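Okay, so the sequence shown: first residue is 1 according to the UniProt record's numbering, each after it adds one. Idealized CB from N, CA, C, for every residue including glycine. Remember, it's a predicted structure, so these values are computed and weren't measured experimentally.
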Amino acid sequence: MIGRIPVIEVHPLIEGGALPAKATRGEPLPVRATVFREGHDLLGAEVVLTGPDGRRRPPVRMRELVKGTDRYEAWVTPDAEGPWTFEVQAWSDSLGTWEHNASVKIAAGVDVDLMFLEGRLLLERIDRADLSADETAALDAALAVATDDSRAAEERMADLASDELVALFHAHPLRDLLTTAGPYPLFADRPRALFGSWYEFFPRSEGARVDRRTGKVRSGTFKTAAKRLPAVAAMGFDVLYLPPIHPIGEVNRKGPNNTLTPGPDDPGSPWAIGSRHGGHDAIHPDLGTFDDFDAFVRRARRLGIEVALDLALQAAPDHPWAQTNPEFFTTRADGTIAYAENPPKKYQDIYPVNFDNDFDGIYDEVLRVLRVWMDHGVRIFRVDNPHTKTVAFWEKLLGEIRRTDPDVLFLSEAFTRPAMMRTLGAVGFHQSYTYFTWRTEKEEIEDYLREVSHETDHLLRPNFFVNTPDILHASLQYGGPAAFRMRATLAALSSPSWGMYAGYELYEHVAVKTGSEEYLDSEKYQIRIRDWEGAEQEGRTLAPYVTQLNQLRRAHPALQLLRNIVVHDTDDDHILCFSKSDGAGDTVIAVINLDPHGTRETVVHLDLEAAGLPEQFVVRDELTGAEWTWGAHDYVRLDPGYEVAHILTVRPLVEESATTIREDIS
């Protein structure tokens, strides 16, 4: 129903407010609404947040985005984790309307005494309880002016239209004809839901070795993998994601490069979960015991790393579920259980779960499994292929976990249709994999950055992974080390959450065949032994650069936010520029060469107003230490053999001037 003052097209809403929009403790978010009224009287609008404690926060005044559009916006910031609501309140701005009308009429000599009388009556209605001492004095002075007919009318009106009094009217409106839209739901998650640097490795590869006696590859364990943790922490990663650590099926096991003819010692794919050694609630015996896992998690935590675990709801043919709960799967006409297929591809080592057969039974079992790992210190789960499971299942499961353990986070690994990706985010996934990998041209990158930061931010939070065990994009196969630096720079600076899979820092780039995005000798099917120390000693690693990126992310609050990105124009189709600001003085400007093979020169055209920048300012390149004075139009030259980007921090020009003066005096 439309209120006395219409408030429509409220944002952010998901399904009309049936689901909570995404928020994060400490993260500003925009609330928008279309607000208008009949006639010419002025109106005001504001946003009121109510926190998990039931306490209403002070209202935040909305402003019209473009004069005459009736579209209003205010930025608000939840200060606690948990369920929030917001309301949009609109009212007739009687004080503002009077000030406008009185200024016109009194200047024209029309209804002069009546205008002052109406003004006095409105001033008397202002609630003094909320006024400061200075505001109370200003109000008393205004009342005296409104009743002092000994002075010239124009002088009196000038006093009543002073900046000080207009500010008082704005801060303490009378709110006549108050109309409220809402409340509408938000849910503020812990900051890790928004900001974090992710690293992925296979525990079985870390510390693996070749047995000199037999020539066989010995699997790494949690104990050996823990030795890699300090290096991961030194690079500045906050989250370590582990692919499935459960027993691997022995029936129809895959061999190297996804072959169907494994040898007796081939380890198989970790995503083919379950064997005689157990299922989703068990640990592969080669990796160690639960005590070993607990020690691994504790060691990571001491280094400032959270361990994220894979949740892959599928089973190998010899998973215990295949015997105890065959109703979890699809039975074909011949009585056999159907394995996974994506014609013409066949995955004989995996049984997909059929949620239509026993929804409640599957739900209870998965909830039990999650709580097993939560009890062992896991508070983040990366969910494998959630788009192949019913959305209703995720809504129920994630809703229950949020109810009991709201700090537990879920990352959706769904490279699929936009409607599914967005809906998965809407029903509870805290983060989402994205199309970032396949956005490589300047215009499509610009469009995508605007989309994830301004259009879908209330539905899903992006996590920009530069590679995964499944995805080696052609740009990395043929772009050389410069492409690796460029993609890492773009991901780390444009998204508050980004990630990389082990081997990226070693420039691993060989595909299994031309036209494929699969790695040659994929770690999904075999153990990979990497010479981390040798690469470091010989300078064959991107790790120092990645460390620098993550240090910048931690040092600059602007890089820890999603909704603050501003894309700027450049004259070259291979030079991308964007800025991020936290609204409190921290601004970072990124200028990136998207051509890994050639030097590019261009002029960058900054939208100073959108970025909140003055006409001139000093920028410092955090990669080289160079400093320049910049303004709206700035020349750049980027040679990918030397530097693929400028990462610029901003400080006022006046600081440099003051420094120069001090140096001259000395």
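Under a three-way DSSP split, which group does Y478 fall into? As a working note, residue 478 is residue 478 in the sequence shown. Helix, per DSSP.
Between which two residues does the beta strand (DSSP E) holding P83 run? Here residue 83 refers to the residue found at position 83 when the sequence shown is read from its first residue. It spans G82 to S92 - the beta strand (DSSP E) in which P83 sits, taken as one unbroken run.
Find out if the Cβ-Cβ distance for the pair residue 667, I362 is shorter than 7 Å. For residue 667 there is no data in the structure shown, the boundaries of the chain being 1 and 666.
Where do the ends of the beta strand (DSSP E) carrying V297 lie? On the sequence shown, position 297 is the one that residue 297 refers to. Counting along the chain, V297 falls outside any beta strand (DSSP E), though it belongs to the alpha helix (DSSP H) covering F290 to R302.
What is the residue span of the beta strand (DSSP E) that L608 lies within? Residue mapping note: residue 608 aligns to position 608 of the sequence shown, counting from 1. Run containing L608: none in the beta strand (DSSP E); it sits in the alpha helix (DSSP H), L608 to A611.
Can you tell me whether P203 is buried or exposed? The criterion is at least 16 other CB atoms within 10 Å of its CB, across all chains shown. For this step, residue 203 is matched to residue 203 along the sequence shown. So P203 ends up on the buried side.
Here's a check: name, in chain order, each residue in its chain whose Cβ is nearer than 8 Å to the Cβ of A282, leaving out the five neighbours to either side. On the sequence shown, position 282 is the one that residue 282 refers to. These residues qualify, in order along the chain: H246 and P247.
Which runs of the alpha helix (DSSP H) spanning at least 4 residues fall entirely within the region 409–454, listed in chain order? 418–426 and 442–450
Which residue's Cα is closest to the Cα of G631: R32, L178 and L613? As a first step, residue 631 is located in the sequence shown; it is residue number 631 there, counting from the start. Among R32, L178 and L613, the Cα nearest to that of G631 belongs to L613.
Spell out whether any CB of chain B is found under 7 Å from the CB atom of S581. Here there is only one protein chain, and chain B is not present.
Candidates S579, A171 and N252, of which the one nearest D607 by Cα: By one-based count along the sequence shown, residue 607 stands at place 607. Ranking S579, A171 and N252 by Cα distance to D607 puts S579 first.
How long is the line joining the alpha carbons of residue 737 and D189, rounded to whole angstroms? Outside the shown range of the chain, which is 1 to 666, sits residue 737, and nothing can be said about it.
List the whole-angstrom C-beta distance separating L367 from A300, where the pair is believed to meet the contact cut-off of C-beta under 8 Å. Indexing the sequence shown from 1 puts residue 367 at position 367. Indexing the sequence shown from 1 puts residue 300 at position 300. Rounded, the Cβ-Cβ distance is 25 Å, inconsistent with contact.
Can you round the beta-carbon distance between L559 and K22 to whole angstroms, since I take them to be within the 8 Å contact cut? Working through the sequence shown from its first residue, we reach residue 559 at position 559. Working through the sequence shown from its first residue, we reach residue 22 at position 22. That pair is no contact at about 19 Å.
V603 lies in the beta strand (DSSP E); which residues open and close that run? As a working note, residue 603 is residue 603 in the sequence shown. Unbroken beta strand (DSSP E) run through V603: R600 to H605.
For the region 558–578 and the region 514–529, state whether three or more C-beta atom pairs, one from each stretch, are separated by less than 8 Å. no
Stretch-stretch touch, CB-based, cutoff 8 Å, three pairs: the region 398–414 with the region 423–442: yes
How do the region 501–510 and the region 616–634 stand: do at least 3 beta-carbon pairs fall below 8 Å, yes or no? no
Can you tell me whether DSSP reads A45 as helix, strand or coil? Counted from its first residue, the sequence shown places residue 45 at position 45. It is a strand residue.
Candidates V88, L638 and F484: which alpha carbon is nearest R540's? As a position in the sequence shown, residue 540 is number 540, starting the count at 1. R540 has its Cα closest to that of F484, out of V88, L638 and F484.
Return yes when the Cβ of V566 is within less than 7 Å of the Cβ of A535, no when it is not. Taking the sequence shown and counting its residues from 1, the one referred to as residue 535 is at position 535. Taking the sequence shown and counting its residues from 1, the one referred to as residue 566 is at position 566. Not in contact: A535 and V566 (Cβ atoms no closer than 7 Å).
Check I273 in the structure and name its three-state DSSP category. Taking the sequence shown and counting its residues from 1, the one referred to as residue 273 is at position 273. Strand.
Same chain only: Cβ atoms within 7 Å of V10, ignoring 5 sequence neighbours per side: Locating residue 10 in the sequence shown gives position 10, where the first residue counts as 1. Same-chain partners within the cutoff: A33, V88, A181 and Y184.
Under 7 Å between the Cβ atoms of R57 and L177? Within the sequence shown, numbered from 1, the residue matching residue 57 stands at position 57. Within the sequence shown, numbered from 1, the residue matching residue 177 stands at position 177. Not closer than 7 Å, so no.
Contacting residues, own chain, Cβ-Cβ under 7 Å from T547 (five flanking each side not counted): As a working note, residue 547 is residue 547 in the sequence shown. A234, M235 and G236, listed in sequence order.
Delimiting residues of the beta strand (DSSP E) encompassing Y635: As a working note, residue 635 is residue 635 in the sequence shown. Element bounds for Y635: H633 to L638.
Is it a yes or a no for the region 194–202 touching the region 58–71, going by three-plus beta-carbon pairs under 8 Å? no
With which residues is Y363 paired in a DSSP beta bridge? One-based indexing of the sequence shown puts residue 363 at position 363. None, per the DSSP bridge assignment.
A550 - containing alpha helix (DSSP H), residue span: The residue given as residue 550 occupies position 550 in the sequence shown. The displayed chain sequence assigns Asn, not Ala, to residue 550. Start and end: A543 to A555.
Nearest CA to the CA of W321: which residue from Y339, G279 and L424? What you label residue 321 is simply residue 321 of the sequence shown in a count that begins at 1. Among Y339, G279 and L424, the Cα nearest to that of W321 is on G279.
Spatial distance of G479 from P640 (CA atoms): The count along the sequence shown starts at 1 and reaches residue 479 at position 479. The count along the sequence shown starts at 1 and reaches residue 640 at position 640. Approximately 11 Å, taken between the alpha carbons.
Which residue from A107, L472, T624 and H100 puts its Cα closest to that of G503? Translated into the one-based positions of the sequence shown, residue 503 becomes position 503. The shortest C-alpha separation from G503 is found at L472.
Buried or exposed: E523, going by 16 or more other Cβ atoms within 10 Å of its Cβ? What you label residue 523 is simply residue 523 of the sequence shown in a count that begins at 1. That one is buried.
Just checking, does the region 36–44 make contact with the region 74–82 on the three C-beta pairs under 8 Å criterion? no
Within this structure, are the beta carbons of P285 and H277 separated by less than 7 Å? Within the sequence shown, the letter at position 285 stands for residue 285. Within the sequence shown, the letter at position 277 stands for residue 277. Yes.
Exposed or buried, F86, counting other C-beta atoms within 10 Å across all chains shown (16 or more means buried)? Locating residue 86 in the sequence shown gives position 86, counting from the first residue. F86 is buried by the Cβ-count criterion.
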